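Data block below; observations after.
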Amino acid sequence: MVTMIPFLLPLLAVAIVESVCAFTPQICIVGSGISGSSAAYFLRNYSAEQLDIYVFEQNSQVGGRVAVVDMGDGSKLEAGGSIIHPKNLHAAYFTEILGLKKLQLADDDDDDFGMWNGSAFIFKTQKIVSSSFISRAWISTLNKLAFLRRYRLGLFYMNNYVAATLAKFLRFYDNSKPIFETVEAMLKWANLYESTQTTCERELQNYGLSDQLINELITVIMRVNYGQSKSISGMAGAVSLCGSGGNFWAVEGGNWRMAAGLIQLANASLLLNSKVDSVMKVDGGYEIGTESGDKRFCNAIILATSLDESQIDFRPPIQIPRRKMQHTHATFVRGIINPDYFGMPSVSDVPSFIGTLEIPTIPFSSINVLKSYANDDKIYKVFSRMAMSDDLLDRVFSIRKITKHFDWSAYPHYEAPEVFAPFVLDKRHLYYINAFENAASTIETGAVAAENVARLLLSKLGGDLLSLQQNVNSRKEMDQYDL
Numbered sequence: 016m017v018t019m020i021p022f023l024l025p026l027l028a029v030a031i032v033e034s035v036c037a038f039t040p041q042i043c044i045v046g047s048g049i050s051g052s053s054a055a056y057f058l059r060n061y062s063a064e065q066l067d068i069y070v071f072e073q074n075s076q077v078g079g080r081v082a083v084v085d086m087g088d089g090s091k092l093e094a095g096g097s098i099i100h101p102k103n104l105h106a107a108y109f110t111e112i113l114g115l116k117k118l119q120l121a122d123d124d125d126d127d128f129g130m131w132n133g134s135a136f137i138f139k140t141q142k143i144v145s146s147s148f149i150s151r152a153w154i155s156t157l158n159k160l161a162f163l164r165r166y167r168l169g170l171f172y173m174n175n176y177v178a179a180t181l182a183k184f185l186r187f188y189d190n191s192k193p194i195f196e197t198v199e200a201m202l203k204w205a206n207l208y209e210s211t212q213t214t215c216e217r218e219l220q221n222y223g224l225s226d227q228l229i230n231e232l233i234t235v236i237m238r239v240n241y242g243q244s245k246s247i248s249g250m251a252g253a254v255s256l257c258g259s260g261g262n263f264w265a266v267e268g269g270n271w272r273m274a275a276g277l278i279q280l281a282n283a284s285l286l287l288n289s290k291v292d293s294v295m296k297v298d299g300g301y302e303i304g305t306e307s308g309d310k311r312f313c314n315a316i317i318l319a320t321s322l323d324e325s326q327i328d329f330r331p332p333i334q335i336p337r338r339k340m341q342h343t344h345a346t347f348v349r350g351i352i353n354p355d356y357f358g359m360p361s362v363s364d365v366p367s368f369i370g371t372l373e374i375p376t377i378p379f380s381s382i383n384v385l386k387s388y389a390n391d392d393k394i395y396k397v398f399s400r401m402a403m404s405d406d407l408l409d410r411v412f413s414i415r416k417i418t419k420h421f422d423w424s425a426y427p428h429y430e431a432p433e434v435f436a437p438f439v440l441d442k443r444h445l446y447y448i449n450a451f452e453n454a455a456s457t458i459e460t461g462a463v464a465a466e467n468v469a470r471l472l473l474s475k476l477g478g479d480l481l482s483l484q485q486n487v488n489s490r491k492e493m494d495q496y497d498l
């Protein structure tokens, strides 16, 4: 029998190797928005080995904050995450590989704009009413000249500020970038960290922008895009200003389709109507529990949802910096605006897009026309920091056929200097994509943070799991996009 031992050892070694190779990591992702769906895609794309990926979504549809509002008349409108910047390379790439269609959005030049101080429009552009190319080009030029007369060279300084920030952000698409363990390290590598430690107002002043430009146009943009003011932190402010340009697009049928497609492409198991209410550390990983009582073992968990208003019970408890979320109330109205409320003689004199100054008595941040059926039948979107009462809506609108309210915890309340939660919450395998949101919150920043977290997880879970080359090869088509 002893003589047979040497012959049995190779067989035993093979059995051990097969047992090790048979290990399939169980990865659970909490949240099916762009961050969670991007994480699922990047995990699959970067992994050299088989993974089992589970995506938990508390609602009946994927998308998270990229939400759709059904007006009940056949119209479906996006309440959040409605526009995508032309330099959002991850979003563009995702749309292409998923076979989705881009819907080019109308430029700001196509809408007449008014700046409301609560009692009057202190600035208005002309409405484009003619379909003639020459006429439209002429009115558009006059509107640009009106901005230039009011703000002079400050507009060029503003564009330079945005371009400088965007150039730094584009470094995150470099395939040779390192894996970052903290948000601070990630931002410092791209020379963006300092802009999170000071206010947007201070940064813009350093760029030479006048107080008038900051208190008027810049403030309007901040209120529209983040529901906040010029005191927002610098990087978030720059990202907000990026949303004031042109050439924006959206996914035809809704940006939520991008999230749905990524989860499907990643071959992840999607668990809808599964609200996670507990995460418990156990031997070898975690036990994740839902309100319905379901339990699942995970080797690693990616949290792709904000924890600031979450009711998830962590055992042992986790510690993250306290962060206030900015609630945005989106009210969709099909009807017609009341010109008397704005001191205008007729509906046609009311701007299609109304931005507001930072004055406490103004009850809304912005009002804009989303869709026009007729001169007396339009769909409007109203952004406000507080819910719009029926009494207020009846004063702002002379006719309301359909009204839909949507309240969501939209973004962090930005306040410099920003303090960041870690990407890894327990020094093991509990990862938090939304830690990056304290820098800025958009579809693209969610995808960028998700890519880093996916790489970080695979590198920490097992070095052999991470295949950088696989991702490089699969993203060659991104070279076509102009960096």
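Per the working numbering, residue 16 is the first one in the sequence shown, and the count goes up by one each step.
Glycine is no exception: its CB is placed at the ideal position from the N, C-alpha and C atoms.
Keep in mind it's a predicted model, so treat the numbers as computed, not measured.
- Taking all protein chains in view, the Cβ of Leu185 is surrounded by fewer than 16 other Cβ atoms within 10 Å, so the residue is classified as exposed.
- Just so you know, the alpha carbons of Tyr69 and Gln227 end up roughly 51 Å apart.
- A buried status is given to Thr460, since no fewer than 16 other beta-carbon atoms sit within 10 Å of its beta-carbon.
- Asp328: member of the beta strand (DSSP E) spanning Asp328 to Arg330, first to last residue.
- Rounded to whole angstroms, the separation of the alpha carbons of Asp298 and Tyr176 is 50 Å.
- Between Leu372 and Val239, the C-beta spacing is not below 8 Å.
- For Thr418, DSSP records a beta bridge to Val348.
- Per the Cβ contact rule, the stretch 70-87 is in contact with the stretch 277-284 (3 or more Cβ pairs under 8 Å).
- Residue environment: Ile247 is assigned as buried (16 or more neighbouring CB atoms within 10 Å of its CB, all protein chains considered).
- Residues of the same chain with a CB within less than 7 Å of the CB of Leu286, apart from the 5 flanking positions on each side, are Tyr69, Val70, Phe71 and Glu72 in chain order.
- When DSSP states are grouped into helix, strand and coil, Pro427 belongs to the strand group.
- It is roughly 12 Å from the alpha-carbon of Asp441 to the alpha-carbon of Tyr301.
- At the C-beta level, Ser50 and Ala450 stay beyond 8 Å of one another.
- Nearest C-alpha to Pro332 among Thr343, Met340, Met295 and Lys475: Met295.
- Counting C-beta pairs with one atom in each stretch, the stretch 56-67 and the stretch 417-429 have fewer than three that are closer than 8 Å, which means they do not touch.
- Minimum Cα-Cα distance from Leu113 among the listed residues Ala275, Ile316 and Leu472 corresponds to Ala275.
- Counting every other CB atom within 10 Å of its CB across the protein chains shown gives Phe312 a total below 16, marking it as exposed.
- Residue pairing by DSSP places Asn74 in no beta bridge whatsoever.
- Where Asn383 is concerned, the enclosing beta strand (DSSP E) starts and stops at Ser381 to Ala389.
- Around the Cβ of Thr39, a 10 Å sphere holds fewer than 16 other Cβ atoms; the residue is exposed.
- The alpha carbon of Asp406 has as its nearest neighbour, out of Ser293, Tyr356 and His444, the alpha carbon of Tyr356.
- C-alpha of Pro432 to C-alpha of Ser147: approximately 50 Å in a straight line.
- CA-CA distance, Trp131 to Phe138, rounds to 8 Å.
- For the 8 Å CB-CB criterion, Asn314 and His444 form a contact.
- Separation of the CB atoms of Phe109 and Met273 is rounded to 5 Å, and the pair is thereby assigned contact status at 8 Å.
- Closest in alpha carbon position to Gln212, among Tyr446, Ile233 and Tyr429, is Tyr429.
- In this structure, the beta-carbon distance from Ala465 to Ala107 does not fall below 8 Å.
- The stretch 110-143 contains, as complete beta strand (DSSP E) runs of 3+ residues, the segments 117-119, 128-131 and 136-139 (chain order).
- Take the alpha-carbon of Met173 and the one of Thr156: they are about 19 Å apart.
- In the displayed model, Ala265 falls within a strand according to three-state DSSP.
- The DSSP-derived three-state label of Gly51 is helix.
- For Glu302, the beta-bridge partners assigned by DSSP are Met295 and Phe312.
- Taking Lys183 as reference, the option from Cys43, Val81, Leu120 and Ala253 with the minimal CA-CA separation is Ala253.
- Under the three-state reduction of DSSP, Tyr241 is assigned to coil, being neither helix nor strand.
- If you compare the alpha carbons of Phe171, Arg349, Glu196 and Ala161 with that of Leu256, the shortest gap goes to Phe171.
- Just so you know, the alpha carbons of Arg470 and Gln119 end up roughly 32 Å apart.
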